[in-house]
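Below is one structure, written out as structure tokens, with a few remarks after it.
Residue numbers (the working numbering), protein chains in the order written: chain A, 170 to 469; chain B, 80 to 314.
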């Protein structure tokens, strides 16, 4: 074989599975909507991370002399019914909402993916058992289920993450199981079987990379949903203790003053909407990029 | 006389109460292309899948180089597995869509050869050349390749395991006529060079007559006759 063949080969990085990742990043940069959402998300993650340094006030300092103030130079987003600075509370609240949302999605995604893979790939009694467990978890209405778990465990950040993860994982498991069921009959998977590859190798190299796209899309959109669920639970008064600023709890408290001080609900509401929209855009973008049949998809 | 590469004895398969095939017996010699002809739905593919261990027949024996794969331990079967390979019918799903052609090609080598990166590259290049592939094919994802190019990669992939026996399930039925001939010629060339045996499954009698040494006719779930095409093995 001549060297031109080999040189061209190496230059084009044919052996490199990393090319897969770099293609994905390239596609993200080609999409303006995703780039916008990503920059906005990173900006807000940065603000949330540095919230204790940039917040103009202590988010929990009560100042009854300055309660229910409208936005002004002193308090950019106004104050709440206890005189606490709304901007500071929204910034610190972002820290709470985002860390809980990422925690919940990560735990449910990992657990759900493993369970879904096991059910779909091994089939038989493993599938029967896991599918019934998944059905049971899916049969409960999410918020009611989380309320029940929190009622037993008590409120708090860790318990909230645990409760929402218990509610969410089955969704990931169901999507993953469906994907694996169709993939394991595909001829490239059968080729790997006849080549003598083991189950773990096949799942890692062929099943998960081909099945993960809809699960990642679900996860991205779920980040927005989890933020809404945290807000709902806080709104119902069972999510987090009162001393932890959180957007849902702020909405709940602000509803009493809707007529006189509407910004107390508008600003936290906008923050929630903003994140849900960002995650929806990212979810849609990831779906398009990972879909081999979509124009501009990674495998085109 | 040496043992046949593959001997199938009284193979039978039932799905529930319906019998797919019964009493299927044939053997394939080293370097032989044995054709299996039958209508769609006659159970040809299922027989092929049983031979490579993807399906478990209800009854019978499948002897590969004299050893019954149905009564083998898992470890022993895993060791034997590279020797018995399969080409599937649909080129578009034969390769992992998320791996470039070359990654697909060298996967079995990575699993079995223990070769390091550079040696792997070189062996992959040799196999690519052997099957008439060009560098630009190898840099592409499977969705950017034609059916014929994919079947070449599949053949290169299979040959990397130096199989004794290959079940080719309608390998050319999804290809146009000129590419069909190219792939069949490539299979014959590889047979001459490596001595591999083929079980060629097809519903196209013309294709079978062109390349097979013998053809078995599958009708109503059983082999009714075996035709000798009078072509010497490896000629």
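Ideal Cβ positions, reconstructed from N, Cα and C, are used throughout, including at glycine.
For clarity, every value in this text was computed on a predicted model and none was experimentally measured.
Query                                                                                                                        : Result
Limits of the beta strand (DSSP E) - the one that residue 153/B falls within                                                 : No beta strand (DSSP E) holds residue 153/B; the alpha helix (DSSP H) holding it covers 153-159.
CA-to-CA distance, residue 375/A to residue 206/A, given in whole angstroms                                                  : 30 Å
Inter-residue Cα distance where the pair is residue 258/B and residue 187/B                                                  : 25 Å
Rounded distance between the beta-carbons of residue 137/B and residue 92/B, thought under 8 Å                               : 5 Å
Residue range of the alpha helix (DSSP H) that includes residue 123/A                                                        : An answer regarding residue 123/A cannot be provided, because it is not within the stretch 170 to 469 covered by chain A.
Residue 364/A versus residue 409/A: straight-line alpha-carbon distance, rounded                                             : 53 Å
Distance cut-off 8 Å: residue 227/A Cβ against heavy atoms of the ligand NAP                                                 : In the structure on display, the ligand NAP does not appear, and there are no ligands present to speak of.
Terminal residues of the alpha helix (DSSP H) in which residue 111/B lies                                                    : Element bounds for residue 111/B: n/a, residue is neither H nor E.
Neighbour-count burial assignment, residue 327/A, 16 or more Cβ in a 10 Å radius                                             : exposed
Backbone secondary structure at residue 115/A - three-state DSSP                                                             : This structure cannot settle anything about residue 115/A, because the visible part of chain A is limited to 170 through 469.
Below-9 Å beta-carbon distance, residue 362/A vs any chain B residue                                                         : yes
Listed by chain order, chain A residues near residue 266/B by CB distance under 8 Å                                          : Here the premise fails: no neighbours, minimum Cβ distance about 17 Å.
Beta-carbon proximity of residue 233/B to residue 173/B, cut-off 9 Å                                                         : yes
Three-state class that DSSP yields for residue 146/B in the structure shown                                                  : strand
Bridge-paired residues (DSSP) for residue 372/B                                                                              : Absent from the structure is residue 372/B, since the part of chain B shown begins at 80 and ends at 314.
Cα-Cα separation, residue 305/B to residue 293/B                                                                             : 7 Å
Near-chain B residues of the region 380-397 of chain A - C-beta to any C-beta below 9 Å                                      : none
Residue 457/A at chain B interface by Cβ criterion, 9 Å                                                                      : no
Residue 264/A versus 228/A, 285/A and 251/A, residue with shortest Cα-Cα distance                                            : 228/A
Run of the beta strand (DSSP E) containing residue 277/B, from where it starts to where it stops                             : 276-281
Neighbouring residues, chain A, relative to residue 173/B (Cβ below 8 Å)                                                     : 356, 357 and 360
Chain B contact for residue 374/A (CB, 9 Å cutoff)                                                                           : yes
Among 152/B, 130/B and 147/B, nearest to residue 278/B - alpha-carbon criterion                                              : 130/B
Rounded separation between residue 334/A and residue 277/A - CA only                                                         : 5 Å
Whole-angstrom distance between residue 301/B and residue 282/B, CA atom to CA atom                                          : 15 Å
C-beta neighbour in chain A for residue 132/B, strict 9 Å                                                                    : yes
For residue 241/A, three-class secondary structure by DSSP                                                                   : coil
N-terminal and C-terminal residue of the alpha helix (DSSP H) that residue 293/B is part of                                  : First-last for residue 293/B: 293-298, but that is the beta strand (DSSP E), not the alpha helix (DSSP H).
CB contact flag (residue 245/B, residue 144/B, <9 Å)                                                                         : no
Within-9 Å CB hit, residue 366/A to chain B                                                                                  : yes
Where residue 354/A falls, given that 16 or more other Cβ within 10 Å makes a residue buried                                 : exposed
Under the three-state DSSP convention, the category residue 306/B falls into                                                 : strand
Reduced DSSP secondary structure (H/G/I, E/B, other) of residue 173/A                                                        : Since pLDDT at residue 173/A reaches only 48, below the 50 mark, its modelled position is unreliable, and no value is offered.
The region 153-187 of chain B: positions lying closer than 7 Å to chain A by Cβ                                              : 157, 160, 161, 164, 165, 167, 169, 172, 173, 174, 175, 176, 177, 179, 181, 182, 186 and 187
Residue 231/B classed as buried or exposed, judged by whether at least 16 other C-beta atoms fall within 10 angstroms        : buried
Touching by the beta-carbon criterion (3+ pairs, under 8 Å), the region 152-167 of chain B and the region 218-225 of chain B : no
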